[in-house]
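Below is one structure; the comments refer to it alone.
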Amino acid sequence: MFKKLLIPIFSIFILMGQMPPNIIIDENERDIRIKPNIAGTEVVLYGAMPSGKKDIIIEVVGPARNISLEEKRRIYGFWLGLGRADYFQVPSYYNIMSSKKLSEIADQSVFDKLRLGVINLPLGNAKISNSNTSQNIFNKNLKKYMLDKGQFKIGENEISVKSGPGKVGIFSTEFLLPSNSYQGKYFVRYFIFQNGEFISYAENKIDLKQAGFSRVISLTATNFPLLYGILAVILSGSLGWLISTIFRRLKIS
Amino acid sequence: MEFYLPIAEMSINPIGFLILGIIVGTLSGTFGVGGGFLMTPLLIFLGIPPAIAVASEANHIVGSSLSGTIGHLRRKAVDIRMGNVLLAGGILGSFLGIYIFNSLKQVGLVDLLITASYFLFLTAIGLFMLYESLDSLGYFGHKKRSRYYHHSWIMGLPLKIRFRRSGLYISLIPPYIIGFIVGIFSSIMGVGGGFIIIPAMIYILRMPTNVVVGTSLYQIIFITSFVTILHASTNQSVDIILALILLLGGAIGAQIGVRLSGKLNGAWLRIALSILVLVVGLIMASELIIKPDNVIKIISGSNL
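Read top to bottom, the protein sequences are chains B and G. Going by the numbering used here, the letters in the first sequence line up with residues 159 to 411, in that order. Going by the numbering used here, the letters in the second sequence line up with residues 77 to 380, in that order.
The following block contains the structure:
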């Protein structure tokens, strides 16, 4: 139903029957130009890698956004949201996909060194006011929240690796950039592992030129608040009028 | 199927919210109330941040009250002059309400304001309805008509004008003040205020009951439009998608409710509604007292 968008991450890779030295992807930045769609944008990533007993992890990090958290404290028996943490550099989207379960690919210490995974994702400095809670605790809650809401994703086993000609493996994966996706650059990092060890790396970027449908609504609300309010009233009023007209017609006929 | 609410920043099941709209719409059609005072708490229970629930509900009521007013206008059951006086007071009141709302939002107390207002109002209305319906069933053993007492000092105020449709010749000041008070609560609670304004019209202004609902709905269209625009332009908390889903469900429910209302026993229905209102009020209060599952939660994202 919605447009499938193919991003040729690599243009044409050499299929000579010999093992490529490492991962091959297109190093150029790719633009995605799509019309806003209710469902979002489907993105396909693919490329070539050495075949054999190798695993791949792909990480996608979206443009930064603002987020505020509130901390409730008990005062005079009431739970009130008094503490506050304001973030300015939280990735609006994060997705880590892998060809196997992450724990089967390598140890956590290896991922930590590569700064890979939700745990290692930097959220930037938060401005904490009226609270003694450390940023670490706010970070943990924010990450949990983002995972629950599907803004951060862990897609284990979501990359398929097929053997191509010779010793080349072709990997591919697809994921949905939701309709609330932010406009801007999405950094894509590719990591190849063998026997629990990191062996090669590549990166490129996707430039989402047009924000998703929901994002367009929230951008309008933020940038043109008066216009948005008037539109909201007109839409609600017209729908109300339309409904009353429909029901009146139904009663007559 | 999932819908994403752009301002509340959450995915919802639109069918569930449509059904919620139908249920509250049926109740409001049956009892002739706007339904905002039930819908906003329910939205909060379902995880919509209180500030967004209030602003979006105001937006929802714009459509539902317009839909209702059209019917009353055809039956000539709207006192437009009275509606305009109430409205003039209401606009000033909603400015004050939004000012209070935004000042408390700055210091993190807006949830307390919303929850406490709801608790107080729902408890008061619930008890009043319970009393009145039990009374009409004869439980208190006195058939009194003395509720319609005469406020001589109110009638003695200056600036008298004629409200032809209501058959009244009274001062502008009482309706203006009533409108003002309703405007404040309308912006704080995301309600039309029918549940405050209708009793006020009957007991204080002594308007004939046949024009009360239409006139109340008429002024609610404009008050909630105004409140929607104020919320949108001062704190960007109107979720248009949420409002439209609720409106669609509410309109269907209202039609069911109007048909049901003739067939059911009014007093027992009001007892049921009053108990529902009291329960919602209590749950609302418990949100403030019981330790939340998540002490830390998100309050705003894009709309900072």
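For glycine and all other residues, C-beta sits at the position ideal for the given N, C-alpha and C. Given the structure is predicted, the values throughout are model-derived calculations rather than measurements.
Residues bridged to residue 323(G) by DSSP?
For residue 323(G), which the question treats as bridged, DSSP gives no partner whatsoever.
Please decide whether residue 337(B) counts as near chain G, where near means a Cβ-Cβ distance under 8 Å.
yes
Kindly list, in the order they appear in chain B, the residues whose Cβ is closer than 9 Å to that of residue 80(G).
196, 198, 336, 337, 338, 370, 371 and 372
If I measure Cβ to Cβ from residue 224(G) and keep anything under 6 Å in the same chain, skipping five residues before and after, which residues do I get?
The predicted position of residue 224(G) is uncertain, since its pLDDT is 49 and thus under 50; no value can be drawn from it.
Got a sec, what are the start and stop residues for the beta strand (DSSP E) residue 352(B) sits in?
342 to 352
Any beta carbon of chain G sitting closer than 8 Å to that of residue 225(B)?
The beta carbon of residue 225(B) sits closer than 8 Å to some beta carbon of chain G.
Could you tell me the alpha carbon to alpha carbon distance between residue 373(G) and residue 136(G), rounded to whole angstroms?
Taking the straight line joining both Cα atoms gives about 26 Å.
Is DSSP giving residue 222(G) helix, strand or coil here?
Per-residue confidence for residue 222(G) stands at a pLDDT of 49, beneath the threshold of 50, marking its modelled position as unreliable; no derived number is given.
For the candidate residues 233(B), 297(B), 351(B) and 375(B), whose alpha-carbon lies nearest to that of residue 212(B)?
351(B)
Of the residues 79(G), 272(G) and 327(G), which one's Cα is nearest the Cα of residue 193(G)?
272(G)
Helix, strand or coil, according to DSSP, for residue 194(B) in the structure here?
Confidence at residue 194(B) is low in this model, with a pLDDT of 48, below 50, so its placement is unreliable and no value can be given for it.
For residue 182(G), count neighbouring Cβ atoms within 10 angstroms of its own Cβ and tell me buried if that reaches 16, exposed if not.
exposed
Residue 191(G): which of 127(G), 279(G) and 107(G) sits nearest, CA to CA?
127(G)
Nearest to residue 208(G) by alpha carbon, out of 369(G), 350(G) and 359(G)?
350(G)
Pop quiz: residue 235(B) and residue 228(B) are said to be a contact at Cβ under 8 Å. What is the actual Cβ separation, rounded to whole angstroms?
That pair is no contact at about 19 Å.
Please tell me whether residue 327(B) and residue 321(B) are closer than 8 Å, where the distance is taken between their beta carbons.
In this structure, the beta-carbon distance from residue 327(B) to residue 321(B) falls below 8 Å.
When you compare the CB of residue 304(G) with every CB in chain B, is at least one pair closer than 8 Å?
yes
Against residue 303(B), what residues of chain G qualify as contacts under a CB-to-CB distance less than 9 Å, listed in chain order?
370, 372, 373 and 374
Buried or exposed: which applies to residue 84(G), given that a residue is buried once 16 or more other Cβ atoms fall within 10 Å of its Cβ?
buried
Give the single residue among 117(G), 107(G) and 98(G) whose Cα lies nearest to the Cα of residue 358(G).
117(G)
Name, in chain order, the residues that DSSP records as bridge partners for residue 213(B).
DSSP output for residue 213(B) lists 351(B) as bridge partner(s).
Taking just the CA atoms, how far does residue 124(G) sit from residue 281(G)?
37 Å
Interface residues of chain G around residue 452(B) at Cβ under 7 Å?
Beyond the ends of chain B as shown, which are 159 and 411, falls residue 452(B); an answer cannot be given.
Please give the ranges of any alpha helix (DSSP H) in the region 82 to 148 of chain G, keeping only runs that are unbroken, at least 4 residues long and fully inside the region.
90 to 107 and 112 to 121
Does residue 135(G) get closer than 8 Å to chain B when you measure Cβ to Cβ?
Interface residue, yes.
When you compare each of 359(B), 255(B) and 198(B) to residue 330(B) by their alpha carbons, which one comes out closest?
The closest CA to that of residue 330(B), considering only 359(B), 255(B) and 198(B), is found on 255(B).
Return yes when the Cβ of residue 260(B) is within less than 8 Å of the Cβ of residue 314(B), no when it is not.
yes
Along chain G, which residues have their Cβ under 7 Å away from the Cβ of residue 383(B)?
308, 309 and 312
Rounded to whole angstroms, what is the Cα-Cα separation between residue 289(B) and residue 241(B)?
5 Å
Where does residue 224(B) fall in DSSP's three states?
strand
Below 8 Å on the Cβ atoms is my contact criterion, and I expect residue 272(B) with residue 225(B) to pass it. Report the Cβ-Cβ distance as a whole number of Å.
Between residue 225(B) and residue 272(B) the Cβ distance is about 25 Å, and since that is not below 8 Å, they are no contact.
How do the region 382 to 391 of chain B and the region 305 to 313 of chain G stand: do at least 3 beta-carbon pairs fall below 8 Å, yes or no?
yes
If the criterion is Cβ atoms closer than 8 Å, does the pair residue 255(G) and residue 130(G) meet it?
No, Cβ-Cβ distance for residue 255(G) and residue 130(G) is not below 8 Å.
Given a limit of 7 Å on CB to CB distance, which residues of the region 240 to 268 of chain B reach chain G?
240 and 242
Is it buried or exposed, residue 412(B), if we count other Cβ atoms within 10 angstroms and call 16 or more buried?
The structure shown has nothing for residue 412(B), since chain B only spans 159 to 411.
Could you tell me the boundaries of the beta strand (DSSP E) in which residue 298(B) lies?
Per DSSP, residue 298(B) lies in no beta strand (DSSP E) segment; the continuous alpha helix (DSSP H) that holds it begins and ends at 293 to 306.
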